[in-house]
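Structure first, commentary second.
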Amino acid sequence: MNGAINSIDYGQLFAITIPETILEVVSLLILIVDLGLLRRSSRTVRMASACLLGVAASAAAAVWLLGHSQVASLAGDALVVTPLVAAAQIGILLLTALVLLLSLKAEFTRNPGEFVAIVLLATTGMLLVTAARDLLVIFVALELLSLSLYVLTAFAKSSAQSAEAALKYYLFGGMSAALMLFGFSYLYGLTGTTNLSSMTYPLSGESMPLAVVALVLVAAGLGFKVAAVPFHLWAPDTYQGAPAPVTALIASGSKVASFALLVAITDGMIAPPSSETGNGLWIVLLLAMAAGSIVLGNLAALVQTSVRRLLAYSAIAHAGYMLLGIAAHTGQSAAAVLYYALTYALTTVGAFGVIGIVERNTGSDRLDAFAGLSRRNPPLAGTMLLYLLSLAGIPPLVGFWAKFNLFAAVLRAATASHWALPLVAAALAASAVSLYYYLQVLKRIYVLKPVNESPMQVSFVELTVLVLIALAVALLGIFPGALSGWIPLG
Amino acid sequence: MLAYTIYLSFAGALVLAMWPRAWAKSARVFALMIALAGLGVALAGFIAARGQGSVAVADASWVPALGIHYTLQADGISRVLVLLTGLAAVAGILFSWYIGTREGDRANEFFAFFLALIGGVYGVFLSVDLFLLFVFYEIAIVPKYFLIAIWGSTRREYGAMKLALYSFAGSAMVLIGLLAAYAVAGSHTMNLYELAKFPFPVSFQMWVFPLVFTGFAILAGMWPFHTWAPTGHVAAPTAASMLLAGVVMKLGAYGCLRVAMTLFPHGLDPWGFSFLGIDSWRTVFALFAVIGIVYGAVVALVQNDFKFVIGYSSVSHMGLVLLGLLTLTQIGIDGAVLQMFSHGVLAGLMFAIVGRIVYERTHTRDLGALSKLQLGKAMPFAAWLFVIAGMASMGLPGFSGFVAEVQVLIGAWKAFPWFAIVAGVGIVVGVAYTWRAMQRAFFSDMAVVDAEGVADPVPEYEPVTWAEKAGVILLAGTSLLIGLFPRLLLDEIIPAVQALPHALLTGGR
């Protein structure tokens, strides 16, 4: 490893990490603008300018990525760029931009500059996580992401819930990071390398009890990031306590990055000529987490009365579906997982946008706060209808298509032949259950009468963003091939 | 041309979803125009394609990477059911004519959900690509939930949720089967007829067939998965009951025939052993169908809520459809398809009379309470049309029900003589419950007599509106027309059944 890292080509490093650099520079710029130029301006202006600068940075980075499709690797695969990685990165940048646009009006913080700067740092972490293929780089990038998210969760300083959520998130996160680092150290000890691509062969050679320990520890760390059972305990509290835009970020970009990492690590753990030792255990671990998440997530969501907690448990269930695709570990299933993660994240950003608006107007995220939304604000209700139906997997929305594509890829994978059918059947049965809790929200929105008839206030930008997301959810479902140039299908 | 039935309905739904709330009163006019246009297209397509076998309607590449195409085709069976959908849509809107006359009716939303449901139903009947068929099938679920939960009556939220979950569970079973078939056949195509050519191993068909068949049959109201049907029908507003019984239950039966039985005909083969005389999935499902026929009829006989009588009669009549399909004989399947059409028209008619014309004026559906109101004198129009509907429904010659049921029974007699006898008993019970409901609701003449022996006068009700008359006459006239000239439909159905895969018509051996 040392040779590779030491002989690094800094010119190439810069070329590969231009998007990350853009984000870093702009986050510093935002701090300067906010703390320097706009010190005397009102909070609204400061928030708006910080968010817009953040959006511009994300857009610039995304445009750069779109314009420079390259396949490259740095320092013996410490960082790689492939079409799939670039697709995930563009998706993450887009999600960050949407989250920032939706927080233009947010009032939870008196420090807009710091907020947006840290969001951009978190995004940098996500981009690096997606591209990293070396255990050390992975760990550093993950910590950049996680630490930023802990801070962001606590950002509503006047809310005790926010602080509690951040503390829980931090304690669970710190623990799982420690476990993962411990696991990484075993992997390094066993294979003599920190590089995923050169690790495969030694790991699959012989059966090693230490490898079992290492894999379980790594699974614990990654399971925490994607909120898979049994490492999901932080999710409901954090989703509920964090400011709405932060929850949206945790549920979207961070999820996409973590699943991209899971794809890479799974590729690394399993030698292409699949052999029977360490990798078999890795698959078993993934499947156990998947099955647990699907069952527990869907069942626990049934009894929630807070919409944020409901979506947290539904996120656990969706992570379970995606883990099935990871465990199938074919090229197709990896692309299908990424497609699923991106479209799921897009839908979730929209849903949390609506939740944020409802909270601002009613002061609550309980199911009853949504009563009569269709009469208080029909367009807002319409967008939420599309998001939730898409999450439930109702065609012709994109959520259905993503599920179909993912499960078809799993069923076709020769590597998954002995478990695919029962688990996919269980996942589909569980998604039938999931319709119940999504309909609980939609019932409040469309069927029940509002307690308070007054119209719900939505800013023009918020509504535009939400409608655009809803249109994307509908149109991507009707024309699923639209993204195929970007993320290969089938 | 037939594809425009789908586009018109969805476009109408989209327009109505954005319809300004201030114009809510005109939503019904727009919806009726869309439904009439759909019926017109369905009828024109039916006439234009007479005697032509299966006609291509649309074909475009959709997701080439996965072999999914936007393929619509209409054979005789599809054309008959598309025509039924057009009729049900127009009649349903005529019977929803009151929606939009009062404040807070949310008429634009009602008709938007209504047309979205109709569009999904048209789509299912026309799709040949299974992915597309499934998409349309699921599109039909969500509007049903909202139609019942928002505009329904008795225990509407419960009924709506039960219906949505049963439908969704059924469609999850179907999706498992379709995904498995797609993967096993090499993932090149989702076209029904291409996929049907693939020789699926018999052991594979033996577990996929019951899964997919049951998934669809849930929506067809097959015993013991029928319990959503009576509660859903009773909870639904009139137009939604008409659609549920009229076309949505047909989606299930259509799926059983077109998907489950066509793709996996060897799932109907004998198992090779016999347990209590049951030796194949075919016998199992035929047994369920027969139990449904008798059980639905017997339960309908003791109901006091008029809508429950009709709800359970739907379970019974749909049992006949399933029995007809499972006979695997030409005549039995002909009868089953004709019964789908006939029951679609008649169930719509009965729900319209009971749920709308009678209930709206008397505010009760309790047969005991209705028997004191002398409805035969107070509402002669409703009474006589219910007599016509009842006679048609119990299978009197001259109406559509007779032609259909006779064919089903002949087919069943060839395939399972014992079941045919039991089903015949069920039909006789059907006469009894129809007679009982008709007599108690309209002709009991048990006017309340006060202490001096003076009977209450015949109550006066608002006259039947033109929209109600038009809807009732449309449905009753259709039933009579098909009863007198069954060849109008059979000329389309028979060649289409003959063209079904050979393995299906010789299945079970």
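Going down the list, the sequences are from chains A and B. Counting along the first sequence from 1, when you hit position 32 you're at 23 in the numbering used here, and nothing is skipped either side. Basically the numbering used here = 1-based index in the second sequence + 677. No residue lacks a Cβ here, since even glycine has one placed at the ideal position from N, Cα and C. Predicted, not measured: the structure shown is a model, and the values here were computed from it.
Residue i and residue j closer than 7 Å at C-beta
{"i": "residue 776(B)", "j": "residue 790(B)", "result": "no"}
{"i": "residue 696(B)", "j": "residue 708(B)", "result": "no"}
{"i": "residue 907(B)", "j": "residue 985(B)", "result": "yes"}
{"i": "residue 139(A)", "j": "residue 147(A)", "result": "no"}
{"i": "residue 561(A)", "j": "residue 86(A)", "result": "Beyond the ends of chain A as shown, which are -8 and 481, falls residue 561(A); an answer cannot be given."}
{"i": "residue 280(A)", "j": "residue 232(A)", "result": "no"}
{"i": "residue 1044(B)", "j": "residue 1128(B)", "result": "no"}
{"i": "residue 208(A)", "j": "residue 170(A)", "result": "yes"}
{"i": "residue 1152(B)", "j": "residue 1026(B)", "result": "yes"}
{"i": "residue 168(A)", "j": "residue 157(A)", "result": "no"}
{"i": "residue 432(A)", "j": "residue 364(A)", "result": "no"}
{"i": "residue 95(A)", "j": "residue 42(A)", "result": "yes"}
Whole-angstrom distance between residue j and residue i, CA atom to CA atom
{"i": "residue 266(A)", "j": "residue 113(A)", "result": "With a pLDDT of 46 at residue 266(A), under the threshold of 50, the modelled position of this residue cannot be trusted, and the question is left open."}
{"i": "residue 947(B)", "j": "residue 682(B)", "result": "41 Å"}
{"i": "residue 921(B)", "j": "residue 965(B)", "result": "21 Å"}
{"i": "residue 678(B)", "j": "residue 734(B)", "result": "6 Å"}
{"i": "residue 958(B)", "j": "residue 831(B)", "result": "37 Å"}
{"i": "residue 731(B)", "j": "residue 881(B)", "result": "29 Å"}
{"i": "residue 710(B)", "j": "residue 801(B)", "result": "22 Å"}
{"i": "residue 751(B)", "j": "residue 1080(B)", "result": "23 Å"}
{"i": "residue 428(A)", "j": "residue 299(A)", "result": "12 Å"}
{"i": "residue 362(A)", "j": "residue 437(A)", "result": "8 Å"}
{"i": "residue 993(B)", "j": "residue 1083(B)", "result": "15 Å"}
{"i": "residue 340(A)", "j": "residue 989(B)", "result": "45 Å"}
{"i": "residue 210(A)", "j": "residue 329(A)", "result": "19 Å"}
{"i": "residue 11(A)", "j": "residue 821(B)", "result": "48 Å"}
{"i": "residue 1096(B)", "j": "residue 996(B)", "result": "12 Å"}
{"i": "residue 371(A)", "j": "residue 236(A)", "result": "17 Å"}
{"i": "residue 915(B)", "j": "residue 1059(B)", "result": "15 Å"}
{"i": "residue 306(A)", "j": "residue 288(A)", "result": "7 Å"}
{"i": "residue 327(A)", "j": "residue 1173(B)", "result": "39 Å"}
{"i": "residue 83(A)", "j": "residue 91(A)", "result": "12 Å"}
{"i": "residue 1041(B)", "j": "residue 1155(B)", "result": "29 Å"}
{"i": "residue 79(A)", "j": "residue 313(A)", "result": "15 Å"}
{"i": "residue 961(B)", "j": "residue 955(B)", "result": "7 Å"}
{"i": "residue 34(A)", "j": "residue 172(A)", "result": "41 Å"}
{"i": "residue 202(A)", "j": "residue 406(A)", "result": "21 Å"}
{"i": "residue 416(A)", "j": "residue 702(B)", "result": "46 Å"}
Within chain B, partners of residue i - CB distance below 8 Å
{"i": "residue 385(A)", "result": "815, 816, 818 and 819"}
{"i": "residue 472(A)", "result": "739, 740, 741 and 742"}
Within chain A, the residues that residue i reaches when beta carbons sit closer than 7 Å
{"i": "residue 846(B)", "result": "423"}
{"i": "residue 917(B)", "result": "Those do not exist, as residue 917(B) stays about 14 Å from chain A at its closest Cβ, beyond 7 Å."}
Closer than 9 Å at the beta carbon, the chain B residues around residue i
{"i": "residue 402(A)", "result": "856, 857, 859, 860, 861 and 864"}
Interface partners of residue i on chain A, CB under 8 Å
{"i": "residue 834(B)", "result": "434 and 438"}
{"i": "residue 771(B)", "result": "Those do not exist, as residue 771(B) stays about 25 Å from chain A at its closest Cβ, beyond 8 Å."}
Distance cut-off 6 Å: residue i Cβ against heavy atoms of the ligand ATP
{"i": "residue 716(B)", "result": "Summarising the ligand content, the structure contains no ligands, and the ligand ATP is consequently not present."}
What alpha helix (DSSP H) runs, 4 residues minimum, are completely inside the region 268 to 324 of chain A?
269 to 293 and 298 to 319
Just to confirm the assignment: which complete beta strand (DSSP E) runs, minimum length 3, are found wholly within the region 727 to 760 of chain B?
732 to 740 and 745 to 751
Would you be able to state if there are at least three C-beta pairs under 8 Å between the region 807 to 821 of chain B and the region 844 to 855 of chain B?
yes
Mind listing, in chain order, the continuous alpha helix (DSSP H) runs of no fewer than 4 residues lying wholly within the region 70 to 130 of chain A?
74 to 93 and 103 to 122
Given 8 Å, three or more beta-carbon pairs between the region 1172 to 1184 of chain B and the region 933 to 940 of chain B
Contact between the region 1172 to 1184 of chain B and the region 933 to 940 of chain B is present, because at least three Cβ pairs lie under 8 Å.
Please confirm if the region 883 to 897 of chain B is in contact with the region 842 to 849 of chain B, defined as three or more CB-CB distances below 8 Å between the two stretches.
yes
Cβ contact check for the region 404 to 415 of chain A and the region 815 to 824 of chain B: 3 or more pairs under 8 Å
With a cut-off of 8 Å, the region 815 to 824 of chain B and the region 404 to 415 of chain A do not count as touching, because too few Cβ pairs lie within range.
Three Cβ pairs or more, each shorter than 8 Å: is that satisfied between the region 249 to 261 of chain A and the region 114 to 130 of chain A?
yes
Any contact of the region 449 to 465 of chain A with the region 50 to 57 of chain A, i.e. 3+ C-beta pairs under 8 Å?
The region 449 to 465 of chain A, when compared against the region 50 to 57 of chain A, does not touch it at the 8 Å Cβ threshold.
Secondary structure, alpha helix (DSSP H): runs of 4+ residues fully inside the region 1030 to 1060 of chain B:
1036 to 1039, 1044 to 1047 and 1052 to 1055
Would you call the region 1164 to 1174 of chain B and the region 997 to 1013 of chain B touching, i.e. three or more CB-CB distances under 8 Å?
As far as the Cβ criterion goes, the region 1164 to 1174 of chain B touches the region 997 to 1013 of chain B, which means the pair count is three or higher.
Quick check: the region 59 to 78 of chain A against the region 179 to 193 of chain A, are at least 3 beta-carbon pairs closer than 8 Å?
yes
Three or more C-beta pairs under 8 Å: does that hold for the region 1022 to 1035 of chain B against the region 997 to 1007 of chain B?
no
Using 8 Å as the Cβ pair cut-off and three pairs as the minimum, do the region 858 to 872 of chain B and the region 452 to 468 of chain A touch?
no
So within the region 820 to 884 of chain B, which uninterrupted beta strand (DSSP E) runs reach at least 3 residues, ignoring any that extend past its ends?
none
To test your reading of the DSSP string, which unbroken alpha helix (DSSP H) runs of 4 or more residues are found completely within the region 767 to 803 of chain B?
784 to 803
Enumerate, from N- to C-terminal direction, the unbroken alpha helix (DSSP H) stretches of 4 or more residues contained entirely within the region 886 to 950 of chain B.
905 to 912, 915 to 920 and 926 to 932
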